[in-house]
Amino acid sequence: MAAVLCFLAACSSEPVKRTETAPPPPAQAPETFRVKFETTKGDFLVEVVREWAPHGVDRFHELVTKRYYDGTRFFRVVPRFVVQWGIHGDPKVQSLWRTAVIPDDPVRQSNKRGFLTYAKSGPQTRTTQVFINLADNARLDADGFAPFGHVIEGMDVVDQLHKLYGEAPPGGVGPDQMRIQAEGNPYLDRYFPRLDAVKTARIVE
Numbered sequence: 001m002a003a004v005l006c007f008l009a010a011c012s013s014e015p016v017k018r019t020e021t022a023p024p025p026p027a028q029a030p031e032t033f034r035v036k037f038e039t040t041k042g043d044f045l046v047e048v049v050r051e052w053a054p055h056g057v058d059r060f061h062e063l064v065t066k067r068y069y070d071g072t073r074f075f076r077v078v079p080r081f082v083v084q085w086g087i088h089g090d091p092k093v094q095s096l097w098r099t100a101v102i103p104d105d106p107v108r109q110s111n112k113r114g115f116l117t118y119a120k121s122g123p124q125t126r127t128t129q130v131f132i133n134l135a136d137n138a139r140l141d142a143d144g145f146a147p148f149g150h151v152i153e154g155m156d157v158v159d160q161l162h163k164l165y166g167e168a169p170p171g172g173v174g175p176d177q178m179r180i181q182a183e184g185n186p187y188l189d190r191y192f193p194r195l196d197a198v199k200t201a202r203i204v205e
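Quick note, the sequence shown lines up with residues 1 to 205 if you use the numbering used here.
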């Protein structure tokens, strides 16, 4: 249980509050679509299935369409666990989206290796941060982590994303999420220059 609680704390930002400045709820996404992520290590392709997690898929489709993920860093890479990203590099943009909470989805798929899931700190806290499971993490299912897609090409690229920083302190020497939110990519470029990044994320079909 302690490990899962640690995961909950580290896989998300602090609890969010809804504000009038947050974007409106996303429009309905297609039932299935694919997103190509071009990264500093190479490309990988994700297939997204709305039936698995409708609220999560609608938001993900919106974020990709608006090119939100372009330039974001893979700020948390823990071997045999997860690779996480989704904090925008511009603090002004991040400040807006971090209040745009979407409803939780029931868990219909297990957190298997290669499956894509939202990070969260508790019920009703999902916004923009996502992670790919680097191993079978079925223990996360009971805590409400609902996969909404999976990597269908390029998992070898995901496995190669820079991982030496690991967790944030005290568990590792990785970036502080609060500072990423407050200072953006300049903070990461200065103190964590070896992090890999999303160059572009585009819907391809």
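By construction, the Cβ of each residue, glycine as well, lies at the ideal position given by its N, Cα and C atoms. In this text, all values refer to a predicted model and were calculated from it rather than measured experimentally.
- Query: According to the Cβ coordinates, are T72 and W52 closer than 9 angstroms?
  - Reply: Taking the first residue of the sequence shown as 1, we reach residue 72 at position 72. Taking the first residue of the sequence shown as 1, we reach residue 52 at position 52. No, Cβ-Cβ distance for T72 and W52 is not below 9 angstroms.
- Residue span of the alpha helix (DSSP H) that contains W85, given as start and end: Indexing the sequence shown from 1 puts residue 85 at position 85. Counting along the chain, W85 falls outside any alpha helix (DSSP H), though it belongs to the beta strand (DSSP E) covering V82 to W85.
- Message: Please report the distance separating the alpha-carbon of R139 from that of R76.
- Response: To locate residue 139, count along the sequence shown from 1; it is residue 139. To locate residue 76, count along the sequence shown from 1; it is residue 76. Put simply, the backbone Cα of R139 is about 19 angstroms away from that of R76.
- Query: Thinking C-beta only, is K36 closer than 9 angstroms to A201?
  - Reply: What you label residue 201 is simply residue 201 of the sequence shown in a count that begins at 1. What you label residue 36 is simply residue 36 of the sequence shown in a count that begins at 1. In this structure, the beta-carbon distance from A201 to K36 falls below 9 angstroms.
- Item | Length at least 4, wholly inside the region 31-107: the alpha helix (DSSP H) runs in chain order | Correct list: 54-65 and 91-97.
- Message: In this structure, how does DSSP classify R126 when only helix, strand and coil are distinguished?
- Response: To locate residue 126, count along the sequence shown from 1; it is residue 126. Strand at R126.
- Message: Check whether chain B comes within 9 angstroms of E47, counting only Cβ atoms and requiring the distance to be less than that.
- Response: Included in the structure is just one protein chain, with no chain B present.
- Query: Around the C-beta of P54, are 16 or more other C-beta atoms found within 10 angstroms, so that it is buried, or is it exposed?
  - Reply: For the purposes of this step, residue 54 is identified with residue 54 of the sequence shown, where counting begins at 1. It is buried - the Cβ of P54 has at least 16 other Cβ atoms within 10 Å.
- Query: Hey, V49 and G149: beta-carbon distance below 9 angstroms or not?
  - Reply: The sequence position of residue 49 within the sequence shown is 49, counting from 1. The sequence position of residue 149 within the sequence shown is 149, counting from 1. Against a cut-off of 9 angstroms, the Cβ pair of G149 and V49 comes out as a contact.
- Option nearest E153 by Cα separation, candidates P23, L195 and R34: Along the sequence shown, one-based indexing puts residue 153 at 153. Out of P23, L195 and R34, R34 has the C-alpha closest to the C-alpha of E153.
- Query: Does DSSP put V158 in a helix, in a strand, or in coil?
  - Reply: Within the sequence shown, the letter at position 158 stands for residue 158. If DSSP states are grouped into helix, strand and coil, V158 belongs with the helices.
- Task: Could you round the C-beta distance between I203 and T65 to whole angstroms and report it? I think they count as a contact, below 8 angstroms.
- Result: Numbered from its first residue, the sequence shown carries residue 203 at position 203. Numbered from its first residue, the sequence shown carries residue 65 at position 65. About 7 angstroms; that satisfies the 8 angstroms criterion.
- Message: Suppose the cutoff is 6 angstroms on Cβ atoms and the five residues either side in sequence are ignored; what does the same chain contact list for Y118 look like?
- Response: Working through the sequence shown from its first residue, we reach residue 118 at position 118. Only G56, R126 and V130 meet the Cβ criterion.
- Task: Please state whether DSSP places R194 in a helix, a strand or coil.
- Result: Here residue 194 is taken as the residue at index 194 of the sequence shown, counted from 1. In the structure shown, R194 sits in coil (DSSP, three-state: anything other than H, G, I, E or B).
- Message: Once the 5 residues before and after Q109 are set aside, which same chain residues still bring their CB inside 6 angstroms of it?
- Response: Along the sequence shown, read from residue 1 onward, the residue named residue 109 stands at position 109. Non-local C-beta neighbours of Q109 in its own chain, meaning closer than 6 angstroms and more than five positions away in sequence, comprise W52 and P147, ordered along the chain.
- Item | Best match in P123, D196 and V107 for proximity to L161 [C-alpha to C-alpha] | The residue given as residue 161 occupies position 161 in the sequence shown. Nearest C-alpha to L161: D196.
- Message: Can you tell me where the alpha helix (DSSP H) holding E183 begins and where it ends?
- Response: Sequence index remark: in the sequence shown, residue 183 carries index 183 (1-based). Run containing E183: Q177 to E183, per the alpha helix (DSSP H) assignment.
- Message: Using 9 angstroms as the threshold, is the C-beta distance between V198 and F74 below it?
- Response: Numbered from its first residue, the sequence shown carries residue 198 at position 198. Numbered from its first residue, the sequence shown carries residue 74 at position 74. Yes, Cβ-Cβ distance for V198 and F74 is below 9 angstroms.
- Item | R139 in three-state terms, based on DSSP | Looking up residue 139 in the sequence shown gives position 139. If DSSP states are grouped into helix, strand and coil, R139 belongs with the helices.
- Under three-state DSSP, which class holds E205? Sequence index remark: in the sequence shown, residue 205 carries index 205 (1-based). Collapsing the DSSP output to three states places E205 in coil.
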